[in-house]
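When you line the sequence shown up against the working numbering, it's residues 53 to 146, in that order.
Beta carbons: idealized from backbone N, C-alpha and C, even for Gly.
Quick caveat, the model's predicted, so the values are computed rather than measured.
Since the structure comes first, as structure tokens, the remarks are kept for the end.
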Amino acid sequence: MASEEHRRRFELALSSEDPDNALYELAATLKSEGMGQVAIFHLFSEFQQNVSYNDQRYDAILDNMDLIWGGPWAKGRSLFKTELTNAEIAELDT
53 MASEEHRRRF
63 ELALSSEDPD
73 NALYELAATL
83 KSEGMGQVAI
93 FHLFSEFQQN
103 VSYNDQRYDA
113 ILDNMDLIWG
123 GPWAKGRSLF
133 KTELTNAEIA
143 ELDT
């Protein structure tokens with residue numbers, strides 16, 4: 053799961069001049085550091101739920117969640133080889 057350090061890094065990326073790119077770089081870095089697909093997705097989801105859909109950063113979060121999720125949502129730019137499933141997401145919630 054996400055630590056306070058992960059949340060701090062997310063907030064830093066979100067506050068950058070180019071949050072879309074900064075969040076992508078964060079997701080790729082977290083992956084390279086060994087954080088799993090579901091955990092990264094949950095970190096992004098946590099912030100997505102707390103940012104207003106009127107906030108321009110909201111789309112940056114959602115766009116990157118698509119790349120983390122994979123499959124057709126990622127439009128060929130998936131960060132992971134496999135597409136997440138709803139069951140995998142729910143499993144971490146329990």
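For Tyr-76, same chain residues with a beta-carbon under 6 Å away, outside a window of 5 residues either side, are Asn-116 in chain order. The segment 112-131 makes contact with the segment 87-100: 3 or more CB pairs, one atom from each, lie closer than 8 Å.
Under the three-state reduction of DSSP, Val-90 is assigned to helix.
For Tyr-76, the enclosing alpha helix (DSSP H) begins and ends at 71-84. Ser-55 and Asp-72 have their C-alpha atoms some 21 Å from each other.
Taking the Cα positions, Gly-88 is about 13 Å away from Glu-143. The C-beta distance from Ala-65 to Leu-82 rounds to 10 Å, too long to fall under 8 Å, and the pair is not in contact. Contact annotation: Val-90 and Glu-57 have beta-carbon atoms that are not nearer than 8 Å.
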